[in-house]
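Novice: I have a structure I would like to understand better, so I am pasting it below and will then ask my questions one at a time.
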Amino acid sequence: MYTRELLNYIENSPTAYQAVDAAVKILEEQGFVRLDAKDAWELESGKGYYTVQNGTSIIALRMPAKRIDGIMLAASHSDSPTFKLKAVCEADTGEYIKLNTERYGGMILSSWLDKPLSLAGRLIVKEGDAIRSVNVKVDKDLLLIPNVAIHQNRKHNDGFVFNAQTDMMPLFGMSSAKGTLISQVAEAAGVGAEDVVSADLYLYNRTPATVWGADDAFFSAPRIDNLMCAYGTLIGFIQSTTAENTLQVWSCFDNEETGSRTKQGAGALWLRDVLERVCQTQGVDLRRVLPTSMMLSADNAHAKHPNHPELSDAQNAPRMGGGVVIKANASQSYATDGISCALFSEMCKKAGVPTQGFANRSDSAGGSTLGSIADTLLPVNTVDIGMAQLAMHSSYETAACADNAHLVNASRAFFETAITLDADGNYHI
Ligand SMILES: [Zn+2]
76 MYTRELLNYI ENSPTAYQAV DAAVKILEEQ GFVRLDAKDA WELESGKGYY
126 TVQNGTSIIA LRMPAKRIDG IMLAASHSDS PTFKLKAVCE ADTGEYIKLN
176 TERYGGMILS SWLDKPLSLA GRLIVKEGDA IRSVNVKVDK DLLLIPNVAI
226 HQNRKHNDGF VFNAQTDMMP LFGMSSAKGT LISQVAEAAG VGAEDVVSAD
276 LYLYNRTPAT VWGADDAFFS APRIDNLMCA YGTLIGFIQS TTAENTLQVW
326 SCFDNEETGS RTKQGAGALW LRDVLERVCQ TQGVDLRRVL PTSMMLSADN
376 AHAKHPNHPE LSDAQNAPRM GGGVVIKANA SQSYATDGIS CALFSEMCKK
426 AGVPTQGFAN RSDSAGGSTL GSIADTLLPV NTVDIGMAQL AMHSSYETAA
476 CADNAHLVNA SRAFFETAIT LDADGNYHI
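Take 76 as the starting number for the sequence shown in the numbering used here and just add one per residue.
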């Protein structure tokens, strides 16, 4: 359940620009209304709204039927590791035209070789004296990064080190293709090449997603980290019923893969600003509702690898298909603590959703995500979760179909929960 819909969402979302566009489409179909930062906001009880930052981050919210006593907020990320075209990107070898790129995020370099690739992102276009942004996806096999033959590199299977500057430049065409890149992208965007002023263009893997395995238990696709969590929490948000006294918020942020510290990242003031504005429209002090608020920071987790179980902690190694993974880390690179783990586990228990735990091996640094970064500006109980997957940051990742329903059900239960505190400081859900 939900796997085909997720794969469709992923296919339509080659970069964060399209991931946000696709989310907007889903939200507008459900009657959500766009809010612009420059306007005065008038918000009606029980209604849904959304606002976008930079075209790559989005916050959607559903007003409660009565008043705001707390906020239930899910956060995920819209970006994935890839390569960005440099400003001057065509490089002429004499025989061929290749493209000059740089890394965006920490990818498995080898996973980008020998497969059809293309370009997506946005073009900045000048029309008259107006400068506007046009999202673009070139929907054809346009590029490929070729491996060196085994005969020319006998060390290829002995731990070859790829160099991002020399080994990862995609081949674009014969010499006759020189100077045609922007016109090809402009054509795909439906704009004039002469009007293109600048661009933010990224490579994307064209390999189609697939459901596979003896029992069709697995699916593989590009960008499972983190569109699986973005989509699953969005569907849980849309399915949840309007709360009496809880502001329900679904958010998805760009630039998690590069540290979240941008104007549209989870480390920006933007999230707190939006929540403050929403509370102000209701005459509510945001600071007074934070103690009864909670964040679900959703970003995928490492499943125990079938060939390398030793890379996981022996007792805290989730499996694909085993339900929602609660990620914890002593140094708080994951924001989960005893309270947030207890609250979320109880919500999942009530909803009949299985949970499992993840911790890094104590001798490895592991990853981090946006929850603890957003927490520094919005101090609320936060649980870091994700779904177990293999090959994180490969250009083609793998997860379990069953986990999509687990995530949707857990998210719906989360959004439909109201947290209260009694006079003794005890939580009730
Ligand atoms: Zn991620």
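No residue lacks a Cβ here, since even glycine has one placed at the ideal position from N, Cα and C.
Since we're looking at a predicted model, the values are computed, not measured.
(1) Just checking my contact of Ser420 with Thr430 at CB under 8 Å: how many whole Å lie between their CB atoms?
(2) With 16 other CB atoms within 10 Å as the buried threshold, where does Asp233 fall?
(3) Looking at Asp374 and ligand 1, is the gap between the Cβ and the nearest heavy atom below 6 Å?
(4) Do Lys190 and Thr282 have their CB atoms nearer than 7 Å?
(5) Is it the case that the CB of Asp300 approaches a heavy atom of ligand 1 more closely than 6 Å?
(6) Is it the case that the Cβ atoms of Leu218 and Phe237 are separated by a distance below 7 Å?
(7) Whole beta strand (DSSP E) runs in the region 165-215 with 3 or more residues, listed along the chain?
(8) Considering only their Cβ atoms, is the gap separating Ser315 from Phe490 smaller than 7 Å?
(9) Just tell me which of Asp388, Cys423, Gln339 and Lys379 has its CA closest to the CA of Ala449.
(10) Based on the DSSP output, what are the partners of Asp459 in its beta bridges?
(11) In chain order, what residues of the same chain have a beta carbon less than 6 Å from the beta carbon of Ala488, not counting five sequence neighbours either side?
(12) Just how far apart, CA to CA, sit Cys327 and Ala91?
(13) Which residues in the same chain as Val266 place their Cβ atom closer than 6 Å to its Cβ, once the five residues preceding and following it in sequence are excluded?
(14) To which residues of the same chain is Gly145 closer than 6 Å at the C-beta, ignoring the five residues directly before and after it?
(15) Do the CB positions of Val400 and Ala376 come within less than 7 Å of each other?
(16) Is it buried or exposed, Gly311, if we count other Cβ atoms within 10 angstroms and call 16 or more buried?
(17) Please name the residue in Cys164, Asp497 and Met249 whose C-alpha comes closest to that of Thr176.
(18) Going by other Cβ atoms of all chains shown within 10 Å of its Cβ, with 16 needed for buried, is Trp287 buried or exposed?
(19) Would you tell me roughly how many angstroms separate the C-alpha atoms of Ser295 and Asn382, rounded to the nearest one?
(20) How should Ala205 be labelled, buried or exposed, when 16 other C-beta atoms within 10 angstroms of its C-beta is the threshold for buried?
(21) Taking the straight line between their C-alpha atoms, what separation do you get for Ser437 and Arg394?
(22) Measuring alpha carbon to alpha carbon, tell me which of Gln105, Ser439, Ala115 and Ser155 ends up nearest Ser406.
(23) Going by C-alpha to C-alpha distance, which of Gln323, Lys402, Met462 and Ile414 sits closest to Arg137?
(24) Under 7 Å Cβ to Cβ from Thr492, same chain only, skipping five residues before and after it: list those, please.
(25) Are there 16 or more other CB atoms within 10 angstroms of the CB of Asp167, so buried, or fewer, so exposed?
(26) Considering only DSSP beta bridges, list what Val364 is partnered with.
(27) Is there contact between the region 329-347 and the region 449-468, where contact requires at least three CB pairs shorter than 8 Å?
(28) Give the secondary structure of Asn280 by DSSP, where H, G and I count as helix, E and B as strand, and everything else as coil.
(29) Tell me whether Ile225 sits in a helix, a strand or coil according to DSSP, three-state version.
(30) Under 7 Å Cβ to Cβ from Trp325, same chain only, skipping five residues before and after it: list those, please.
(31) Nearest-angstrom Cα distance between Met467 and Lys141?
(32) With distance defined between alpha-carbon atoms, name the residue in Val211, Glu472 and Ala474 nearest to Ser258.
(33) For Lys402, count neighbouring C-beta atoms within 10 Å of its own C-beta (all shown protein chains included) and say buried if the count is 16 or more, exposed if not.
(34) If we call anything under 7 Å between Cβ atoms a contact, is Asp329 one with Thr131?
(35) How about Thr411 and Val359: do their beta carbons lie closer than 7 Å?
(36) By a C-beta neighbour count over all protein chains shown, 10 Å radius and 16 as the cutoff for buried, is Glu202 buried or exposed?
Specialist: In brief:
(1) Looking up residue 420 in the sequence shown gives position 345. Looking up residue 430 in the sequence shown gives position 355. About 6 Å; that satisfies the 8 Å criterion.
(2) Taking the sequence shown and counting its residues from 1, one reaches residue 233 at position 158. So Asp233 counts as exposed.
(3) For this step, residue 374 is matched to residue 299 along the sequence shown. Asp374: yes, Cβ under 6 Å from ligand 1.
(4) Residue 190 sits at position 115 when you count from the first residue of the sequence shown. Residue 282 sits at position 207 when you count from the first residue of the sequence shown. In this structure, Thr282 lies closer than 7 Å to Lys190 by Cβ.
(5) Translated into the one-based positions of the sequence shown, residue 300 becomes position 225. For ligand 1, at least one heavy atom lies less than 6 Å from the Cβ of Asp300.
(6) In the sequence shown, residue 218 corresponds to position 143, counting from 1. In the sequence shown, residue 237 corresponds to position 162, counting from 1. The Cβ-Cβ distance between Leu218 and Phe237 does not fall below 7 Å.
(7) As far as the region 165-215 is concerned, its whole beta strand (DSSP E) runs of at least 3 residues are 171-179, 192-202 and 205-212.
(8) As a position in the sequence shown, residue 490 is number 415, starting the count at 1. As a position in the sequence shown, residue 315 is number 240, starting the count at 1. In this structure, Phe490 places its C-beta atom within 7 Å of the C-beta atom of Ser315.
(9) Taking the first residue of the sequence shown as 1, we reach residue 449 at position 374. Taking only the C-alpha atoms, the option nearest Ala449 is Gln339.
(10) Here residue 459 refers to the residue found at position 384 of the sequence shown. DSSP lists Ser372 and Lys402 as partners of Asp459.
(11) Here residue 488 refers to the residue found at position 413 when the sequence shown is read from its first residue. Here the set comprises Met422 and Ala426.
(12) Counted from its first residue, the sequence shown places residue 327 at position 252. Counted from its first residue, the sequence shown places residue 91 at position 16. Taking the straight line from one Cα to the other gives about 10 Å.
(13) Along the sequence shown, one-based indexing puts residue 266 at 191. Excluding its 5 nearest sequence neighbours in each direction, Val266 has C-beta neighbours in its own chain below 6 Å: Val200 and Val209, listed in chain order.
(14) For the purposes of this step, residue 145 is identified with residue 70 of the sequence shown, where counting begins at 1. Within the same chain, Gly145 has close Cβ partners Thr321, Val364, Thr367, Ser368 and Ile494.
(15) Here residue 400 refers to the residue found at position 325 of the sequence shown. Here residue 376 refers to the residue found at position 301 of the sequence shown. Result yes, Cβ atoms of Val400 and Ala376 sit closer than 7 Å.
(16) Within the sequence shown, residue 311 is the residue found at index 236, counting from 1. A residue is called buried once 16 or more other Cβ atoms fall within 10 Å of its Cβ, and Gly311 is buried on that count.
(17) In the sequence shown, counting from the first residue as 1, residue 176 sits at position 101. Of Cys164, Asp497 and Met249, the residue nearest in Cα terms is Cys164.
(18) Counted from its first residue, the sequence shown places residue 287 at position 212. Burial state of Trp287 is exposed, judged by a 10 Å Cβ sphere holding fewer than 16 other Cβ atoms.
(19) Taking the sequence shown and counting its residues from 1, one reaches residue 295 at position 220. Taking the sequence shown and counting its residues from 1, one reaches residue 382 at position 307. Here the alpha carbons of Asn382 and Ser295 stand approximately 18 Å from one another.
(20) One-based indexing of the sequence shown puts residue 205 at position 130. Exposed: under 16 other Cβ atoms inside 10 Å.
(21) The sequence position of residue 437 within the sequence shown is 362, counting from 1. The sequence position of residue 394 within the sequence shown is 319, counting from 1. Approximately 19 Å, taken between the alpha carbons.
(22) Here residue 406 refers to the residue found at position 331 when the sequence shown is read from its first residue. Cα-wise, what sits closest to Ser406 is Ser439.
(23) On the sequence shown, position 62 is the one that residue 137 refers to. It is Gln323.
(24) What you label residue 492 is simply residue 417 of the sequence shown in a count that begins at 1. The residues are Met147, Met422 and Ile504.
(25) The sequence position of residue 167 within the sequence shown is 92, counting from 1. By the 10 Å Cβ count, Asp167 comes out exposed.
(26) Position 289 of the sequence shown, counted from the start, is the residue given in the question as residue 364. Note: Val364 sits in no beta bridge, so no partner.
(27) yes
(28) Here residue 280 is taken as the residue at index 205 of the sequence shown, counted from 1. Correct three-state label for Asn280: strand.
(29) For the purposes of this step, residue 225 is identified with residue 150 of the sequence shown, where counting begins at 1. Ile225: coil per DSSP, three-state reduction.
(30) As a first step, residue 325 is located in the sequence shown; it is residue number 250 there, counting from the start. Answer for Trp325: Ala135, Ala149, Thr308, Leu309 and Phe312, listed in chain order.
(31) Translated into the one-based positions of the sequence shown, residue 467 becomes position 392. Translated into the one-based positions of the sequence shown, residue 141 becomes position 66. Rounded to whole angstroms, Met467 to Lys141 spans 42 Å at the Cα level.
(32) Position 183 of the sequence shown holds residue 258. Closest in alpha carbon position to Ser258, among Val211, Glu472 and Ala474, is Val211.
(33) In the sequence shown, counting from the first residue as 1, residue 402 sits at position 327. Within a 10 Å sphere around the beta-carbon of Lys402 sit 16 or more other beta-carbons, which makes this residue buried.
(34) The count along the sequence shown starts at 1 and reaches residue 329 at position 254. The count along the sequence shown starts at 1 and reaches residue 131 at position 56. The answer is yes: Cβ separation under 7 Å.
(35) The count along the sequence shown starts at 1 and reaches residue 411 at position 336. The count along the sequence shown starts at 1 and reaches residue 359 at position 284. Result no, Cβ atoms of Thr411 and Val359 do not sit closer than 7 Å.
(36) The count along the sequence shown starts at 1 and reaches residue 202 at position 127. With fewer than 16 Cβ atoms within 10 Å of its Cβ, Glu202 is classed as exposed.
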